[in-house]
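Worksheet for the structure shown next.
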Amino acid sequence: MARYVDGFVLPVPKKKVDAYRKLARKAGKIWMEYGALDYTECIADDVKPGKLTSFPQSVKLKKDEVVVFSWISFKSRKQRDSINKKVMSDPRLEGMMDPKNHPFDAKRMFWGGFKTIVEF
């Protein structure tokens, strides 16, 4: 089954990982409620700076931060667009989606939508 995937990479201050986890759990439940196939948040464990590029370099990681890599899977881009619209207007997330309230620097976050080309 081909899926459509939203992927995210962002820096989170180490002292705010618990606050980020709380936000992610709440958001993840809402995405799943609206029909996402899965919602995954991962914290860097074996991620080193590279010579040309790397996860730490991509977010201009600071010494007191850790990289978070996340993805949400959907049946299709059409379904993703519909679900994301509902999630973004869900009153349970009111204020949480405002970058001023994030436990991370949203200016250094990057994301995008991807079509799968290989799946097992």
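Each residue of the sequence shown is one higher than the last, beginning at 1 in our numbering.
For every residue, glycine included, the Cβ atom is placed at its ideal position computed from N, Cα and C.
Computed from a predicted structure; not experimentally measured.
In the DSSP assignment, find the unbroken alpha helix (DSSP H) run with S82 in it and report its ends. 77–88
Under three-state DSSP, which class holds K115? Note: K115 maps to strand in three-state DSSP.
query = Taking the alpha carbon of L52 as the point to measure from, which residue in K60, D90, T40 has its own alpha carbon closest?
reply = K60
Margin query: I'd like the ranges of any alpha helix (DSSP H) spanning at least 4 consecutive residues and lying wholly in the segment 3–67.
Written below: 17–33, 55–58
R77 beta carbon near the ligand SAM (any heavy atom closer than 8 Å): Within the structure as shown, the ligand SAM is missing, as the structure has no ligands at all.
Worksheet item: DSSP puts F110 in a beta bridge; with which residues?
Response: V9
Tell me, to the nearest whole angstrom, how far the beta carbon of K22 is from that of E65; I am working on the premise that it is less than 8 Å.
The beta-carbon distance between K22 and E65, rounded to whole angstroms, is 18 Å. This is too long to meet the 8 Å contact definition.
*asked:* Output needed for F74: all residues of its chain with C-beta closer than 8 Å, excluding positions within five of it in sequence on either side, in chain order.
replied: R3, Y4, V5, D6, G35, A36, L37, R80, I83
Q: Within 10 angstroms of the Cβ of W111, are there 16 or more other Cβ atoms? Answer buried if so, exposed if not.
A: exposed
Let me confirm a value: V118 is counted as buried when at least 16 other C-beta atoms fall within 10 Å, else exposed. Which label applies? If you draw a 10 Å sphere on the C-beta of V118, you find fewer than 16 other C-beta atoms in it, and that means exposed.
>> Using DSSP's beta-bridge definition, name the partner residues of F104.
In response: BP columns for F104 are empty, so no partner.
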